[in-house]
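Everything below concerns the one structure shown next.
See below:
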């Protein structure tokens, strides 16, 4: 399967290559004012964005490698040369420290994105003072999501608080999407989620202002390939189901937990 990062690079750079030659002939538009020309010269990101249609200066930042800039879209990351001619798809490593700098950036992006969602838009199982908190993208009809939820009491007993975001894998206007909305629009959402994951039919009707679309959009930004997807407080994402004891081991090893 083609990765979303590859598609990102292809969409941003490959699709614009026919226009790149003419765009690269000048670092500023023909009608640029003197002030705009100064801005382009003072901020390399402006120059790069001017050469790559569809990008903005604030999507770039300097990487640890001179002359290479990081391009971020959601949690997808690519690297671009300062002249806007070349793109690099792949992770950047600090060999001396043995650190994956790209993954560190992804973790930071996930942490900030999830932190922007209030807990009032999540379904939460476990006490607020639990030792660990994880955020789980879930699909009502996903078999492994159901298995995870069937053990929710054990996760809680081990000190793991679970915050759910909806990610109906089938997308909008599907049965799984409608079920997610029905859960949210129920009087007792936690109970409704448990019932829905047991295959029981809910009576609630979809209501306006539910967060299903927001959770789905965030999951798309994160490049989810399936559910459940477990995001730790550090921003590390664990793709797939983990039994309670195994998740606890991962939490104990994760940085910043």
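Numbering (my numbering), first residue to last: 1 to 257.
A virtual CB, placed ideally from N, CA and C, is assigned to each residue, including glycine.
(request) Please confirm if the segment 72 to 88 is in contact with the segment 106 to 118, defined as three or more CB-CB distances below 8 Å between the two stretches. (result) yes
(request) Give the C-beta separation of residue 298 and residue 233 to the nearest angstrom, bearing in mind that I take them to be a contact with Cβ-Cβ under 8 Å. (result) The chain is shown only over 1 to 257; residue 298 falls outside these bounds and no answer can be derived.
(request) Taking all protein chains shown into account, decide if residue 170 is buried (16 or more other Cβ within 10 angstroms of its Cβ) or exposed. (result) Residue mapping note: residue 170 aligns to position 170 of the chain shown, counting from 1. The residue in question, residue 170, is exposed, as its Cβ has fewer than 16 Cβ neighbours within 10 Å.
(message) By DSSP's criteria, residue 237 is part of a beta bridge. Which residues make up the other side?
(response) In the chain shown, counting from the first residue as 1, residue 237 sits at position 237. For residue 237, which the question treats as bridged, DSSP gives the partners 231.
(request) Using DSSP bridges, identify the partner residues of residue 125. (result) Walking along the chain shown from the start, residue 125 turns up at place 125. Answer is 162, bridged to residue 125.
(request) Could you check what DSSP says for residue 62 in three-state terms: helix, strand or coil? (result) Counting from 1 along the chain shown, the entry for residue 62 is found at position 62. In this structure, residue 62 counts as strand in the three-state DSSP scheme.
(message) Check whether the segment 220 to 235 and the segment 174 to 191 touch, using three or more Cβ-Cβ pairs below 8 Å as the test.
(response) no
(message) Suppose you measure from the CA of residue 82 to the CA of residue 68; what does that come to, to the nearest Å?
(response) Locating residue 82 in the chain shown gives position 82, where the first residue counts as 1. Locating residue 68 in the chain shown gives position 68, where the first residue counts as 1. Each residue's alpha carbon lies about 6 Å from the other.
(request) Please name the residue in 212, 52, 127, 215 whose C-alpha comes closest to that of residue 155. (result) One-based indexing of the chain shown puts residue 155 at position 155. Measuring from the Cα of residue 155, the nearest candidate turns out to be 127.
(request) Would you mind sorting residue 123 into buried or exposed? The rule is 16 or more other CB atoms within 10 Å of its CB. (result) Counting from one through the chain shown, the residue named residue 123 turns up at place 123. The residue in question, residue 123, is buried, as its Cβ has 16 or more Cβ neighbours within 10 Å.
(request) Kindly list the residues whose CB is nearer than 7 Å to the CB of residue 236, restricted to its own chain and excluding five residues on each side of it in sequence; keep chain order. (result) What you label residue 236 is simply residue 236 of the chain shown in a count that begins at 1. The residues are 107, 254.
(request) Determine the direct distance from the alpha carbon of residue 66 to that of residue 46, and round the result to whole angstroms. (result) Counting from 1 along the chain shown, the entry for residue 46 is found at position 46. Counting from 1 along the chain shown, the entry for residue 66 is found at position 66. Approximately 17 Å between the Cα atoms of the pair.
(request) Could you say if the segment 202 to 222 and the segment 184 to 191 meet the contact criterion of at least three C-beta pairs nearer than 8 Å? (result) yes
(request) Would you mind stating whether residue 190 and residue 125 have Cβ atoms separated by less than 9 Å? (result) Walking along the chain shown from the start, residue 190 turns up at place 190. Walking along the chain shown from the start, residue 125 turns up at place 125. Yes.
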